Amino acid sequence: MRKSIKYGVSAALALSCIVSAAAAAENVKIAFIDPLSGPFASTGSNGLKQYEFAADELVNKNGGVLDGRKFEIVAFDNKVSPKESLIQLQVAIDQGIHYVVQGNSSGVANALTEAIEKHNRRNPDNRVLFLNYAAVDPVLTNDKCNFWHFRLDANSDIKMDALTDVIAQNPDIKKVYIIGQDYGFGKAVAAAAVSMLGEKRPDIEIVGNELHPIGKVKDFTPYARKVVSSGADAVITGNWGSDMLGLGKAVIENGFKGPIYTYYAAGSGITAAFGESGKGSIRLISEGQVNPPYSDRAKEVYDGFRARYPEGNIDMPRIFNTVDMLANAINEAGTADDVVAVAHALEGMTYESMWGGKVYIRPEDHQAIQDINVLVHTNEGITYDYDNSGYGVLLEHKVEMASADSPTTCKMKRP
Amino acid sequence: MELILVNLIDGLVTGLLLFMLSAGLTLIFSMMGVLNFAHASFYMLGAYFAYQISLFLGFWMGLLIAPVIVGLLGALVERYGLRRVHQYGHVPELIFTFGLALLIEELVQFIWGKDQMPYTVPEILQFSAFSIAGNAIPAYKVFMIFISVGIFIGLLFVLTRTRVGMVIQAALSYPRTVEALGHNVPLVFMGVFGVGTALAGVAGVIAGPVLSTFPGMAVVLGSIVFVTIVIGGLGSLSGALVASLLIGWITTFAKAYTLRMEDFLSWIGFHKPVDMSESLLRDVWTLTSPQVADILPYLLMVLILVFRPYGLFGKRDA
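So the protein sequences, as listed, match chains F and W.
Everything in the first sequence is counted per my numbering, starting at 4 for the first residue and increasing by one.
Everything in the second sequence is counted per my numbering, starting at 1467 for the first residue and increasing by one.
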């Protein structure tokens, strides 16, 4: 084993010498597989902007990784379809790409992680790493975990744990309504909310627990009517994209006054569309705080991002963590082509995030443990607004290193 | 009881909105014998144009101007696009409209980007008109009902009571005869296409603020519009109205009242398996109506096609 590492390292060193001697080093390509068309296009394309900027700002500007290899983000449109994603994955692999990032829809992530596991087993000399930055179905780091998958976002159970901590402290909330999209993630959110609220505040009544078809609902009014007439004090939803905006708007328009706890109600035009109507009502559970800015580095990065994309938002700070952590892991492993070494470097890594707190990758299930925030949609005290609307999300509660000791059913097989 | 009334109103709004789209589509179909795949794209254009105009001149000017622009665009598409393709038969026409839909979606993304647009209800209508048992009915909904009913009445009047309407009706059924009588049938077709797309534009203008304005809005509504006119009977205006309202109410009530598959299956005599985790039909047993509400119209369409292929009010065989 030791011998092989030695050989591997020396081979890699020799190779990198040759490469750097030959010409400017080859780029480290990262395949971005997410929706760039269809109903969820805005979510995907905003993620892409953040990846491209993060790669330039955090890696390429500082001379890249190893001996000056630059990060290059290659975009693939998967139309949020698992089938399409597998085709795009194959295209990416054929182009010699070793790193895949994806986040929108756990259904897609599920298909990708299975396909990548299979591919890596069959092609040991051409393996691929999967950095999942937003698909939060807990199963991906539990029953379906594998060595090649890393989740840089908190999973929905971790977020729900933090959220229910906050709800449990609020004595005004006695009735809660849960509504979500009808697929793995929506169901996971609902199940976690029911079990965790039952544990922490058994007196809270779940007055509604409902699923609706994903991306197919035109008018959310009837759902909103049920929320209002149920007498709920708070709403919990895992909705994203146009389903989030549609639901939130309908619920507020039809007279709901309490807090709406969401996972994804910010950026991509959603903040601007909520505007005044969502003020003080829309809450967001997320990692990374944008307002108030946590560090000077975060300010510098955000200003740079604004200069390049005046219309853009940094609504997924974890993308910056993902890119930087990958760069660190490649540097530590001393290679960008042997993804096993890079994966070993990522495992157990502790990273100081510019957006606040530490990010620690648990080796046993490859789940990132980090600070989780509850943010509120408002226009007061906002340094960096979203969608140039004057509105943004402001830190309200922070749960440090949320669910660091949460159990996992993952039995990881290592190569 | 009060909730039924509230849901009736909500369903009416959804249904009338659907009607504005399907009315234009069904008229165009009876005229050319071809489904216009780009119809929902004109709806989207209506919303985006109105949003853009509302930034400078306010919502009301948007409501006036945007449908006119959309209608003119539609007329141009008919005059310089469809009419040329028409001579090659129906399939090229279908492909043309399909390509147009893709083109419009890309164009909208190119100009406005992929984000949601902050197109909102005008301030003058941001209050609740009345409330029934604690359920507020926003004034904007009432406004939507009035606009669409007004358009329906206006359309009905023009088609059945005016000379232009009679020429249109005649041209729809017997274009050659009407042409022989000295009427400019191509002009009539262009007019009908323009008005049909303008109607879709109006629907976009008034639906944009409530159903949100984003590049996927045409895709979300597009398929359901086809379902509507198939259920109503291709080419039938009253069929389109009935089918729209039917779909509006079915989806609204299915969302509002949680009907469970479990109860239904037990009622027709099946027994629920004791251990659900092993049952193959687990997903069927646990289905609830809000989960499938927006898919029910498709089921209705299949049933209609099986038992009454020409639709509820259709005259010819599909």
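All C-beta atoms in this analysis are idealised placements derived from N, C-alpha and C, irrespective of residue type, glycine included.
Just so it is clear, the structure is predicted and the values come from calculations on it, not from any experiment.
At a Cβ-Cβ threshold of 8 Å, Ile364(F) and Leu349(F) count as neighbours. Under the 8 Å Cβ criterion, the stretch 367-385 of chain F does not count as touching the stretch 109-124 of chain F, having fewer than three qualifying pairs.
Under the three-state reduction of DSSP output, Ser159(F) falls in the helix class.
Listed along the chain, the chain F residues whose CB falls inside 9 Å of the CB of Met1583(W) are Gly272, Ala275 and Ala276. Note that the C-beta distance between Val62(F) and Val402(F) is not below 8 Å. In this model, Gly1714(W) and Lys1721(W) are separated by some 11 Å (Cα to Cα).
None of the residues of the stretch 114-131 of chain F has a beta carbon lying less than 9 Å from any beta carbon of chain W. At least one CB of chain W lies nearer than 8 Å to the CB of Lys252(F). Excluding sequence positions up to five before and after Leu248(F), its CB lies within less than 7 Å of the CB of Ile273 and Ala276, all in the same chain and listed in chain order.
The residue among Glu383(F), His400(F) and Cys413(F) with its C-alpha nearest the C-alpha of Gly393(F) is Glu383(F). Taking 8 Å as the CB threshold, Ala1722(W) lines the interface with chain F. Taking 8 Å as the cut-off, the beta carbon of Gln91(F) is found closer than this to the beta carbon of Asn81(F). Note on Trp1733(W): under 16 other CB atoms within 10 angstroms of its CB, so exposed under the neighbour-count rule. Against chain F, a Cβ distance below 9 Å from Gly1682(W) picks out Ser40, Gly41, Pro42, Phe43, Ala44, Ser45, Gly218, Gly244 and Ser245.
With a minimum length of 3 residues, the unbroken runs of beta strand (DSSP E) contained wholly in the stretch 44-129 of chain F fall at 74-80 and 102-105. In the structure shown, Ser1702(W) falls within a coil segment according to DSSP collapsed to helix, strand and coil. Counting the other CB atoms within 10 Å of its CB gives Thr1628(W) a total below 16, which places it among the exposed residues. Restricting attention to Asn145(F), Ser84(F) and Phe188(F), the CA atom closest to the CA of Tyr267(F) is found in Phe188(F). Following the DSSP letters along the chain, one finds Gln370(F) in no alpha helix (DSSP H), marked with neither H nor E. In the three-state scheme derived from DSSP, where H, G and I count as helix and E and B as strand, Ala310(F) is classed as helix. In the three-state scheme derived from DSSP, where H, G and I count as helix and E and B as strand, Ser1710(W) is classed as helix. Interface residue (Cβ-Cβ distance to chain W less than 8 Å): Tyr266(F) is not classified as such. In terms of Cβ geometry, Asp1476(W) and Pro205(F) do not form a close pair [threshold 8 Å]. Within 10 angstroms of the beta-carbon of Leu1712(W) lie 16 or more other beta-carbons, which makes it buried.
About 5 Å separates the CB atoms of Ser1710(W) and Thr1694(W); that is less than 8 Å, so the two are in contact. For Ile1613(W), the uninterrupted alpha helix (DSSP H) segment begins and ends at Ala1605 to Arg1627. Chain W has no Cβ within less than 8 Å of the Cβ of Asp97(F). With a cutoff of 8 Å on beta-carbon distance, Val179(F) and Leu200(F) are scored as near each other. In the pairwise beta carbon analysis, the stretch 1667-1684 of chain W is classified as touching the stretch 1564-1584 of chain W: at least three pairs are separated by under 8 Å.
The Cβ of Ser108(F) sits no closer than 8 Å to any Cβ of chain W. Lys121(F) counts as exposed, since fewer than 16 other beta carbons sit within 10 angstroms of its beta carbon.
For Val1693(W), no chain F residue has a Cβ inside 7 Å of its Cβ, as the nearest lies near 12 Å away.
Comparing C-alpha distances from Arg311(F) to each of Asp146(F), Gly241(F), Glu60(F) and Asp140(F) shows the shortest one belongs to Glu60(F). Taking 7 Å as the cut-off between beta carbons, the residues of the stretch 190-215 of chain F near chain W are Glu213, Leu214 and His215, in sequence order. Interface flag for Lys1580(W) against chain F is set, since a Cβ pair is found closer than 8 Å. Taking 8 Å as the threshold, the shortest C-beta distance from Gly1600(W) to chain F falls below it.
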